[in-house]
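Peer 1:
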Amino acid sequence: MSQFWKPGTDRPSLLDDEEGGVLFYSASPFSSSSSSGYGLASLEKQRQRLPVFKYRTAILYLVETHATTIIVGETGSGKTTQIPQFLKEAGWAEGGHVIACTQPRRLAVQSVASRVAEEMGVKLGEEVGYTIRFEDITNTDLTRIKFLTDGVLLREMMDDPLLSKYSVIMVDEAHERSLSTDILLGLLKKIQRRRPELRLIISSATIEAKSISAFFATSKRHQGPESEEDVPSTEPAILSVEGRGFNVEIFYVEDPVSDYLQATVSTVLSIHDQGSMGDILVFLTGQDDIDAAVRLLTEESQIGRKQGLMVLPLYSGLSRAEQDLVFSPTPRGKRKVVISTNIAETSLTLEGIVYVVDSGFSKQRFYNPISDIENLVVAPISKASARQRAGRAGRVRPGKCYRLYAEEYFLKEMSAQGILEIQRSNLVSSVIQLKALGIDNILGFDWPASPSPEAMIRALEILYSLGVLDNDAKLTSPDGFQVAEIPLDPMISKMILASNQFGCSEEVITIAAILSIQSIWISARGTEKELDEVKLRFAAAEGDHVTFLNVYKGFIRSNKSSKWCHKNFINYHAMKKALEVREQLRRIAQRLGIALKSCESDIQVVRKAVTAGFFANACRLEPYSHNGMYKTVRTSQEVYIHPSSVLFRVNPKWVIYNSLVSTDRQYMRNVMSIDPSWLREAAPHFYQHQRPNPIAH
DNA sequence: GAGCACTGC
Numbered sequence: 001m002s003q004f005w006k007p008g009t010d011r012p013s014l015l016d017d018e019e020g021g022v023l024f025y026s027a028s029p030f031s032s033s034s035s036s037g038y039g040l041a042s043l044e045k046q047r048q049r050l051p052v053f054k055y056r057t058a059i060l061y062l063v064e065t066h067a068t069t070i071i072v073g074e075t076g077s078g079k080t081t082q083i084p085q086f087l088k089e090a091g092w093a094e095g096g097h098v099i100a101c102t103q104p105r106r107l108a109v110q111s112v113a114s115r116v117a118e119e120m121g122v123k124l125g126e127e128v129g130y131t132i133r134f135e136d137i138t139n140t141d142l143t144r145i146k147f148l149t150d151g152v153l154l155r156e157m158m159d160d161p162l163l164s165k166y167s168v169i170m171v172d173e174a175h176e177r178s179l180s181t182d183i184l185l186g187l188l189k190k191i192q193r194r195r196p197e198l199r200l201i202i203s204s205a206t207i208e209a210k211s212i213s214a215f216f217a218t219s220k221r222h223q224g225p226e227s228e229e230d231v232p233s234t235e236p237a238i239l240s241v242e243g244r245g246f247n248v249e250i251f252y253v254e255d256p257v258s259d260y261l262q263a264t265v266s267t268v269l270s271i272h273d274q275g276s277m278g279d280i281l282v283f284l285t286g287q288d289d290i291d292a293a294v295r296l297l298t299e300e301s302q303i304g305r306k307q308g309l310m311v312l313p314l315y316s317g318l319s320r321a322e323q324d325l326v327f328s329p330t331p332r333g334k335r336k337v338v339i340s341t342n343i344a345e346t347s348l349t350l351e352g353i354v355y356v357v358d359s360g361f362s363k364q365r366f367y368n369p370i371s372d373i374e375n376l377v378v379a380p381i382s383k384a385s386a387r388q389r390a391g392r393a394g395r396v397r398p399g400k401c402y403r404l405y406a407e408e409y410f411l412k413e414m415s416a417q418g419i420l421e422i423q424r425s426n427l428v429s430s431v432i433q434l435k436a437l438g439i440d441n442i443l444g445f446d447w448p449a450s451p452s453p454e455a456m457i458r459a460l461e462i463l464y465s466l467g468v469l470d471n472d473a474k475l476t477s478p479d480g481f482q483v484a485e486i487p488l489d490p491m492i493s494k495m496i497l498a499s500n501q502f503g504c505s506e507e508v509i510t511i512a513a514i515l516s517i518q519s520i521w522i523s524a525r526g527t528e529k530e531l532d533e534v535k536l537r538f539a540a541a542e543g544d545h546v547t548f549l550n551v552y553k554g555f556i557r558s559n560k561s562s563k564w565c566h567k568n569f570i571n572y573h574a575m576k577k578a579l580e581v582r583e584q585l586r587r588i589a590q591r592l593g594i595a596l597k598s599c600e601s602d603i604q605v606v607r608k609a610v611t612a613g614f615f616a617n618a619c620r621l622e623p624y625s626h627n628g629m630y631k632t633v634r635t636s637q638e639v640y641i642h643p644s645s646v647l648f649r650v651n652p653k654w655v656i657y658n659s660l661v662s663t664d665r666q667y668m669r670n671v672m673s674i675d676p677s678w679l680r681e682a683a684p685h686f687y688q689h690q691r692p693n694p695i696a697h
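All the letters of the first sequence, read from the start, carry residue numbers 1 to 697 under the UniProt record's numbering.
1. Which residues does DSSP list as the beta-bridge partners of M672?
2. Would you call the region 533-545 and the region 622-629 touching, i.e. three or more CB-CB distances under 8 Å?
3. Would you tell me roughly how many angstroms separate the C-alpha atoms of W447 and S77, rounded to the nearest one?
4. Contact defined as beta carbons within less than 8 Å: I believe T102 pairs with L184. What is the distance between those atoms, to the nearest angstrom?
5. Rounding to the nearest angstrom, what Cα-Cα distance links F251 and C401 in this structure?
6. Under 8 Å: does the beta carbon of L475 sit that close to some heavy atom of the ligand GTP?
7. Assuming L549 and E507 are in contact, meaning their beta carbons sit under 8 Å apart, how far apart are those beta carbons, in whole angstroms?
8. Whole angstroms are fine: how far does the CA of I381 sit from the CA of K190?
9. Hey, could you find the ends of the beta strand (DSSP E) E249 is sitting in?
10. Under a Cβ-count criterion, where at least 16 other Cβ atoms within 10 Å of its own Cβ denotes burial, should N342 be classed as buried or exposed?
11. Just checking my contact of R582 with M672 at CB under 8 Å: how many whole Å lie between their CB atoms?
12. Give me the residue from I588, N670, P652 and V431 with the minimum Cα distance to L179.
13. Taking the C-alpha atoms as reference points, what is the distance between G73 and A344?
14. Per the contact definition of three or more C-beta pairs closer than 8 Å, is the region 241-260 in contact with the region 48-68?
15. Across which residues does DSSP place L376 in a beta bridge pair?
16. D289: buried (16+ other C-beta within 10 angstroms of its C-beta) or exposed?
17. I'd like the span of the beta strand (DSSP E) that includes Q192, first residue to last.
18. If you draw a straight line from the C-alpha of F366 to the C-alpha of A416, how long is it?
19. For H272, does the count of other Cβ atoms within 10 angstroms reach 16, so buried, or fall short, so exposed?
20. Need the endpoints of the alpha helix (DSSP H) that D150 sits in, please.
21. Are the beta-carbon atoms belonging to G503 and A595 less than 9 Å from one another?
22. Specify the secondary structure class of P487 as computed by DSSP and reduced to three states.
23. Which of the three DSSP states is assigned to H642 in this structure?
24. Do you know offhand how far A292's Cα is from K553's?
25. Could you give the first and the last residue of the continuous alpha helix (DSSP H) run that contains I83?
26. Cβ atoms of S316 and residue 698: under 9 Å apart, would you say?
27. With three or more C-beta pairs closer than 8 Å as the rule, is the region 150-168 touching the region 86-106?
28. Evaluate Q423 with the Cβ neighbour count: other Cβ atoms within 10 Å of its Cβ, from every protein chain shown; 16 or more gives buried, anything less gives exposed.
29. Kindly indicate the opening and closing residues of the beta strand (DSSP E) around I99.
30. Could you give the DSSP three-state label for E681: helix, strand or coil?
31. Within the same chain, show all residues whose beta-carbon is closer than 7 Å to that of Q82, passing over the 5 residues directly before and after it, in chain order.
32. Spatial neighbours of H222 within its chain, please: C-beta separation below 8 Å, excluding the five flanking residues on both sides.
33. Can you name, in chain order, every residue of its own chain whose Cβ lies under 6 Å from the Cβ of G129, other than the five neighbours on each side?
34. Measure the Cβ-Cβ separation of N670 and L497 and say whether it is below 9 Å.
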């Protein structure tokens, strides 16, 4: 196979970058002989047409000679599917080693893995496999190329901290800078110091890769005095691969728009009036705006000449059937207009989009470590997001993107990358994971981007109050180690541990599974009333947690029927997922020595177990409150029961909540009534320290 | 009286 670069032969042409020895490769067309012969000629030809193909030699050279290689390439370059194959062909999977490629999303893992298996002409799960939560399609003896979510790779580190079976780890979509990607990058940098033979490939769609490069360049690995020849350079290489997207022409508004809903509607209509054929994708912020825009456009399309528009909403809260409409082919003579949340920016790909309308906003979650509250707010998007949105128009042919903001704003005010997820998240889960991997000094951890000290300290405090960290901020035994084993929020994990002593693990595991799902209720617009009525069939006076137990029992009794779900406004897919989580939790519980036991009808012990995890979220109804105002015990913040709770308007005197959502008020979601005496039982230290006697009257 | 999106042995 002559097209491979081999150590000791002539280097491919590389240009030295003046900035600190970073290497850029200048594209040189590269032809190669085909190696088909398995009836895969057309697949092989397709492979060779991918832009990444002509960089094969360069990539292999850089990976050979550099500990870290950063590959910048837009979608369509073929890097995700081809690079693992190049590495395999060049021998990186020999000697029992495995080539890993991580993705932020499960769906991407599955589809990329099956594509690669197909290209290689092998059965998925053998030489090429994948692992995502609940699904391990790999074979320890056979699998040489493994696709997995970055979350799964983090979990794998708990058993194998140096990830010793992998020779190369490719972290894909690193530009998204998801929480788990960032933590993974931090840990991989640490691993590199112990394993100089390990190679990292960081793949990113944008040149923001420079900051990742700087992160890996500051590696403090000490080279021996006589630096050996086969030790790779610690300076990351950067290689740029062109994408294969089509050109997208960008249009801006001249003056800032005040009402972007109205601006959206008129932009769509004018595209429809003058433009040639092609579907339109609109980015708005949330369900409310989207439904309103769909309504306005549908009305317009029904009057007179505005016919031919097929307007469809897209957001995660829709049922599967409603989401599928968006993927159905556009009928002849019609133009599809999809009005979407950020879900269409990365998670779902629509074919046939030629026009994008970008409002310039999205909803983003921000965590305030001082108040310990997560906020969902409409915020301006970043330049990176804006480019990603525009790119959605150029997948099938040259497209157009209409930005509902001024060019000057884009150039001068829009932030390049926005605030990274790690800097706007609650860090309890991340911190306990790092602790479990033996990272004692969280504040001194080499993060790719540092979270605020406040957020780190708050996470440590919460973990300390749960009794999973001790005075020296080390994991306690066994609680700390066990909580770290369970792949859930530590408060939920603590609740599961507590269920053991209360003899109600079966019930609590059910509750834990359902709490970790977005929502089990179906709520379509206009059916809120019916949903409320249906809920009464399951509603428990004790609150939402016990209500979940009733739903679960009903679902099992119906023989897991989708019809039953439909009739009861319950999301069948959510229930199926809850069952999967439940099974996983049962297995983990057994491994941790938690006896699987039901308390039958003794619900009080379930509530005590829940309190053992969530005591910090206790609230008391304000005396004489007429509008259902509560105050949190810990910080005396004003909070209210969310209207979706079965305890809305019931207002028991003492409650604990699962989470707070903040809109015009702070709403408690998933609420359970408690007896205040349980709080001191569950966390005497917490309730003595925090307030001398909060439960006095 | 109300719901961006991902993810986890």
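Note that beta-carbon positions come from the ideal geometry of N, C-alpha and C, so glycine has one too.
Note that this is a predicted model, so its numbers are computed, not measured.
Peer 2: In brief:
1. Paired residue(s): G543 and I656.
2. no
3. 29 Å
4. Confirmed, Cβ separation roughly 7 Å.
5. In this structure, the alpha-carbon of F251 lies about 6 Å from that of C401.
6. The ligand GTP is absent from the structure shown, which contains no ligands of any kind.
7. About 6 Å separates the two Cβ atoms, so the contact holds.
8. 32 Å
9. V248 to Y252
10. buried
11. Contact doesn't hold; Cβ gap of about 19 Å is too wide.
12. V431
13. 20 Å
14. Between the region 48-68 and the region 241-260 there are three or more inter-stretch CB-CB distances shorter than 8 Å, so the stretches are counted as touching.
15. R365
16. buried
17. Looking at the DSSP string, Q192 is not in any beta strand (DSSP E); the run it does join, the alpha helix (DSSP H), is L179 to R194.
18. Straight-line measurement puts the Cα of A416 at about 18 Å from the Cα of F366.
19. buried
20. D150 to D159
21. Result yes, Cβ atoms of G503 and A595 sit closer than 9 Å.
22. coil
23. Look at H642 here: in three-state DSSP terms it is coil, with no helix or strand label.
24. 37 Å
25. K79 to E89
26. The structure shown does not extend to residue 698, since the chain spans only 1 to 697, so no value can be given for it.
27. yes
28. buried
29. V98 to Q103
30. helix
31. R47, L50, V52 and F53
32. Low per-residue confidence applies at H222: pLDDT is 48, beneath 50, and the placement is therefore not dependable, though the value from the model is reported in the following sentence. Here the set comprises nothing.
33. I137, T138, T143 and K146
34. no
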